[in-house]
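Notes follow once the structure below has been shown.
Number of protein chains: 2
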Amino acid sequence: MNIGEVARASGVSAKMIRHYERIGLIRESHRTLAGYRQYDERDRHLLRFIRRARDLGFSLDQIRQLLSLWDDPSRASADVKRLAEAHIADLDARIAALTEMRSTLVTLAHACHGDHRPDCPILQGLADPPPAS
Amino acid sequence: MNIGEVARASGVSAKMIRHYERIGLIRESHRTLAGYRQYDERDRHLLRFIRRARDLGFSLDQIRQLLSLWDDPSRASADVKRLAEAHIADLDARIAALTEMRSTLVTLAHACHGDHRPDCPILQGLADPPPAS
DNA sequence: CATAAACCTTGCCATCGTGGCAAGGTCAAG
DNA sequence: CTTGACCTTGCCACGATGGCAAGGTTTATG
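Chains B and Z, in that order, give the protein sequences. Mapping the first sequence onto my numbering, position 29 (from 1) lands on 544, and the numbers just tick up by one. Mapping the second sequence onto my numbering, position 118 (from 1) lands on 633, and the numbers just tick up by one.
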């Protein structure tokens with residue numbers, strides 16, 4: 516399998532596959548005489564694993580850890596669960612931050628009549644210190 | 516006011532103030548003979564505005580628009596409201612994406628007994644195609 | 001006055017994950 | 001043999017921010 520084919524099959528772009536190789540996330544692949552990278556089913560599987568983990572918001576560094584756990588037949592599932600739960604906590608924090616932004620912004624937008632008049636509580640809210648944080 | 520002072524007073528780092536100046540988000544400040552940037556109350560006010568908008572998750576490009584609306588005495592509040600609501604929709608999309616990630620991950624983590632045994636539904640869920648998306 | 005500390009200047013590099021472009025080599029089909 | 005699709009490497013870009021280095025300035029203190 517050339518890089519383009521495995522890219523299409525795994526959902527990871529060729530560009531990113533080369534990148535993952537260079538940062539040591541995946542091993543260097545075999546090369547044809549012409550220097551073309553060659554991949555097999557296991558590579559495709561691995562790349563799909565990475566793709567799914569990315570889709571779940573894991574960073575490449577976290578994925579590096581996941582992969583080492585994946586490779587380790589003696590690892591306890593608790594190790595993986597710990598990683599997953601740390602990531603859930605991270606997602607929670609990000610969701611909470613965005614939700615708070617949203618809430619503040621909704622309050623400001625609600626106060627704005629949104630017509631042709633120039634005075635606007637949104638800009639005022641940004642300009643003046645917020646009442647209570 | 517030197518850059519450090521206005522940085523402390525506005526919550527925007529000196530580094531970022533210089534950056535904002537270079538990308539044209541704020542005007543170039545006056546300089547002392549020695550080349551030190553000088554700021555006044557209006558600058559402090561402007562930088563605080565920017566800081567608050569950043570805290571609400573506006574991008575620098577959106578802030579650029581907000582600032583031009585802020586400067587424009589003839590703008591309608593509807594223009595600002597439109598910008599704010601677009602940003603709210605953006606926040607909603609990001610929150611939804613993170614929430615979906617979280618939910619998938621929670622399901623996987625829930626299925627994982629998290630003990631010393633090596634088999635782990637989390638890794639399996641990452642390796643195998645998800646049942647239904 | 002000399003010196004040290006705290007401040008300022010510019011400029012380059014790093015992050016994180018990804019995309020784009022360019023210049024060139026390769027391979028398969030027509 | 002040419003064309004087009006593919007591959008290679010390498011460099012630059014984003015967005016927003018931080019860090020470091022090398023040098024100039026100002027202020028405070030001995």
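For each residue, glycine too, the CB sits at the ideal point set by N, CA and C. Here the structure is a predicted model, which means the values were calculated and not measured.
Against B:VAL595, the close residues of chain Z are CYS627, CYS635, ILE637 and LEU638, in the order they occur along the chain (beta-carbon pairs closer than 7 Å).
Taking 8 Å as the cut-off, the Cβ atoms of Z:LEU620 and B:ILE603 count as close. Using beta-carbon distances, Z:VAL521 does not count as an interface residue toward chain B, since no partner is under 8 Å.
The DSSP assignment places no complete beta strand (DSSP E) segment of no fewer than 3 residues inside the stretch 605-638 of chain B. If the five residues before and after B:SER525 are omitted, its C-beta is found closer than 7 Å to the C-beta atoms of ARG559, LEU562, ARG563 and ARG566, all from its own chain and listed in chain order. Judged by their CB atoms, B:VAL521 and B:TYR554 are nearer to each other than the 8 Å cut-off. Within chain B, no C-beta atom comes nearer than 9 Å to that of Z:ILE532; the closest sits roughly 18 Å away.
Straight across, the Cα-Cα distance linking B:MET616 with B:ALA642 is about 16 Å. The secondary-structure analysis by DSSP pairs B:ARG552 across a beta bridge with B:ARG546. The C-beta of Z:GLU600 comes closer than 8 Å to at least one C-beta of chain B. Residues of chain Z whose Cβ lies closer than 7 Å to the Cβ of B:MET616 are, in chain order, LEU571, GLY572 and LEU606. Of all C-beta pairs linking the stretch 628-644 of chain B to the stretch 570-585 of chain Z, three or more are shorter than 8 Å, placing the two stretches in contact. Flagged as an interface residue toward chain B: Z:ARG567, by a C-beta distance shorter than 8 Å. For Z:VAL521, the uninterrupted alpha helix (DSSP H) segment begins and ends at 518-525.
Burial state of B:GLY629 is buried, judged by a 10 Å Cβ sphere holding 16 or more other Cβ atoms.
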